[in-house]
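First comes the structure, then the notes that go with it.
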Amino acid sequence: DQSSGINAEYGLYNAGKARWGTDESTFNKILCTRSVKQLRVTFREYENYCGEDIEDSIKSEMSGDVEDAFLAIARIVKDPQMYFAGQLYKSMKGLGTNDDKLIRLIVWRCEIDLVEIKECFKIITKGKTLEEFIEGDCSGDYKHALLALC
946 DQSSGINAEY GLYNAGKARW GTDESTFNKI LCTRSVKQLR VTFREYENYC
996 GEDIEDSIKS EMSGDVEDAF LAIARIVKDP QMYFAGQLYK SMKGLGTNDD
1046 KLIRLIVWRC EIDLVEIKEC FKIITKGKTL EEFIEGDCSG DYKHALLALC
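What follows is the structure, encoded as structure tokens:
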């Protein structure tokens, strides 16, 4: 039922942009109790209503862990494959690899949407594949297991 997502944009607006200070509990209630379909409708209507993307509003209204959590929800709702591609990239960029994050994401998404995530990964890395990153960052049986899941 997408109708429950309609009018939530007003609640988000009234809890943030329309007031001095931010009512984080209203954001929390809406972002954590609505379905993905409802949130997609809400985000679209929010932007139509106040002229600002929900991510930009969250960035300007929130900070710290609350901002990070609400941004993650918004990004997953808007484009889950791009979100997870970004998380995979973050797990391997720079010095060292966040092995726990890398393993969790590959194992979790391998039978769901890893093919689409890999395409998004190539966009983020300007053409470099997930397999190329794994080859460069991992070794031994660990590397072979990850590549087999890809």
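For the sequence shown, my numbering gives the first residue as 946, with consecutive numbering after it.
Where is the CB? At the ideal position from N, CA and C, for every residue including glycine.
- T1042 sits in coil when the DSSP states are folded into three classes, being neither helix nor strand.
- By the Cβ-count criterion, L1075 is buried, with 16 or more other Cβ atoms from all chains shown falling within 10 Å of its own Cβ.
- In its chain, beyond the 5 residues on either side, K1046, L1050 have a beta carbon closer than 8 angstroms to the beta carbon of Q1032.
- Of the residues A1019, E969, C995, L1091, the one whose Cα lies closest to the Cα of R985 is A1019.
- Here T971 carries a helix assignment [DSSP, helix/strand/coil].
- Only exposed fits E1080, as fewer than 16 other CB atoms lie within 10 angstroms of its CB.
- Distance from the CA atom of E992 to the CA atom of A1090, rounded to whole angstroms, is 43 angstroms.
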